[in-house]
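Visitor: Going down the list, the protein sequences come from chains A and B.
With my numbering, you'll find the first sequence wraps up at 149, consecutive numbering, no jumps.
With my numbering, you'll find the second sequence wraps up at 174, consecutive numbering, no jumps.
Quick reminder that beta carbons are idealized off the backbone N, C-alpha and C, glycines included.
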Amino acid sequence: GAGVSQSPSNKVTEKGKDVELRCDPISGHTALYWYRQSLGQGLEFLIYFQGNSAPDKSGLPSDRFSAERTGGSVSTLTIQRTQQEDSAVYLCASSLRGGNQPQHFGDGTRLSIL
Amino acid sequence: AQSVSQHNHHVILSEAASLELGCNYSYGGTVNLFWYVQYPGQHLQLLLKYFSGDPLVKGIKGFEAEFIKSKFSFNLRKPSVQWSDTAEYFCAVIPAYSGAGSYQLTFGKGTKLSVIP
Numbered sequence: 036g037a038g039v040s041q042s043p044s045n046k047v048t049e050k051g052k053d054v055e056l057r058c059d060p061i062s063g064h065t066a067l068y069w070y071r072q073s074l075g076q077g078l079e080f081l082i083y084f085q086g087n088s089a090p091d092k093s094g095l096p097s098d099r100f101s102a103e104r105t106g107g108s109v110s111t112l113t114i115q116r117t118q119q120e121d122s123a124v125y126l127c128a129s130s131l132r133g134g135n136q137p138q139h140f141g142d143g144t145r146l147s148i149l
Numbered sequence: 058a059q060s061v062s063q064h065n066h067h068v069i070l071s072e073a074a075s076l077e078l079g080c081n082y083s084y085g086g087t088v089n090l091f092w093y094v095q096y097p098g099q100h101l102q103l104l105l106k107y108f109s110g111d112p113l114v115k116g117i118k119g120f121e122a123e124f125i126k127s128k129f130s131f132n133l134r135k136p137s138v139q140w141s142d143t144a145e146y147f148c149a150v151i152p153a154y155s156g157a158g159s160y161q162l163t164f165g166k167g168t169k170l171s172v173i174p
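#1: Go through its chain and collect everything with a Cβ distance to GLN102/B's Cβ below 6 Å, but skip five positions before and after it.
#2: Let me check understanding here. Comparing Cα to Cα, which of HIS64/B, GLN99/B and SER127/B lies closest to THR87/B?
#3: Any beta carbon from chain B within less than 8 Å of PRO137/A's own beta carbon?
#4: With DSSP as the reference, label ILE69/B as helix, strand or coil.
#5: Would you call the segment 132-149 of chain B and the segment 118-133 of chain A in contact, with 3 or more CB pairs under 8 Å?
#6: What number of angstroms, rounded off, separates the C-alpha of TYR96/B from the C-alpha of SER44/A?
#7: According to DSSP, simplified to helix, strand and coil, what is SER137/B?
#8: Put ASP142/B into one of helix, strand or coil per three-state DSSP.
#9: To the nearest angstrom, how far is it from the Cα of ALA89/A to the Cα of GLN76/A?
#10: Could you name the residues of the segment 69-93 of chain A whose beta carbon sits closer than 9 Å to any beta carbon of chain B, in the order they occur along the chain?
#11: Opposite ASN132/B in the DSSP bridges: which residues?
#12: For ALA123/A and chain C, any beta-carbon pair shorter than 8 Å?
#13: How many angstroms separate the CA atom of SER42/A from the CA atom of SER110/A?
#14: Can you tell me where the beta strand (DSSP E) with VAL39/A in it begins and where it stops?
#15: What are the residues of the segment 85-116 of chain B that lie near chain A, defined by any Cβ-Cβ distance shorter than 9 Å?
#16: Leaving aside the five residues before and after GLY165/B along the sequence, list all residues of the same chain whose C-beta is less than 8 Å from its C-beta, in chain order.
#17: Identify, in the order they occur along the chain, each residue of the same chain with its Cβ nearer than 7 Å to the Cβ of ASP142/A, setting aside the five sequence neighbours on each side.
#18: Distance check for ALA37/A and LYS106/B, CA to CA, integer angstroms please.
#19: Based on the DSSP secondary-structure assignment, which residues constitute the bridge partners of ALA123/A?
#20: Please list, in chain order, all residues of the same chain as LYS92/A whose beta carbon is under 7 Å from its beta carbon, the five residues on each side excluded.
#21: Could you tell me if LEU74/A is buried or exposed, where buried requires 16 or more neighbouring beta carbons within 10 angstroms of its beta carbon?
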C-alpha cells in the first residue's frame, strides 16, 4: 500500500522567505510526527499529532516553526522567515496509533536556505 | 530525557564479513528499541524492534540485535554482509510507558556502512 508521502522532495529558497512542507500519512494512521535531520546530526523530534488531541510542540526549535493537521490526515509544517540554520531534511512519519508503536517514514523534504 | 550513542560513524567491510554496529542508550526507565536503515536515495525503513521478551530479536534481511539491559546496549549484527547492505543505520529508543513524551523517538547519529564487493 501507499506509504507516507511528502512534498516537495526538494525546496530551495532565499533566507527570510516562508516555506510550507506537506505530509500525507498512511491511510488509517492516527499519529503523525515531524522530525528534522541536519548535516552530521541525528534525527531531531519536532512535533507530534495524535487524533484530535492537542499536538505536542515541545520539539519545535523556535516560534518561526508551526504545524497543523487538518481533518486528522494531511499535515503542513510551516517555517517563517527562514534562516540558513533551517537547512535540513524534514521527515514526516506516521503510526497506526500513538504511543510507542513503530513509526513509518516518508522520503523527506530537503530544504536548502540560500 | 533519553539519549542514544552509536559508536561508529563509518564502517567499511568486504562482502561476507561479519557486522556488528554498536548502540548504547541512556534513560532512567524501560525503553523500546529500534534499528532503522536508510538505503541510498530511500526513506528510513524499520529493520527490527525490541519491546519485551527474548532479548535477541531477528529482523529483515538476516539482521539481528541483542538487547543487554545491564549494558544499556542494543547492538546490531549480521553474520555475512552483502553489497546491498550498503546503507546508513540508525538506532532509536522510545520510552516504554504511555503518556507525555512516550512517542518521541530518540535517534543516534547513524552509522554509514559501506560494503565492498
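Guide: In terms of the structure at hand:
#1: VAL94
#2: SER127/B
#3: yes
#4: Three-state result, ILE69/B: strand.
#5: no
#6: 17 Å
#7: coil
#8: helix
#9: 28 Å
#10: TYR70, GLN72, GLY75, GLN76, GLY77, LEU78, GLU79, PHE80, TYR83, GLN85, ASP91 and SER93
#11: The beta-bridge partner set that DSSP reports for ASN132/B consists of GLU123/B.
#12: Protein chains A and B are contained in the structure displayed, whereas chain C is not.
#13: 11 Å
#14: Premise fails: VAL39/A is in no beta strand (DSSP E) and is neither H nor E.
#15: VAL88, ASN89, PHE91, TYR93, GLN95, GLY98, GLN99, HIS100, LEU101, GLN102, LEU103, LYS106 and PHE108
#16: VAL61, SER62, GLN63, CYS80, PHE147, CYS148 and ALA149
#17: GLN41 and SER44, listed in sequence order.
#18: 22 Å
#19: LEU146/A
#20: ILE82
#21: Exposed, because fewer than 16 other Cβ atoms sit within 10 Å of the Cβ of LEU74/A.
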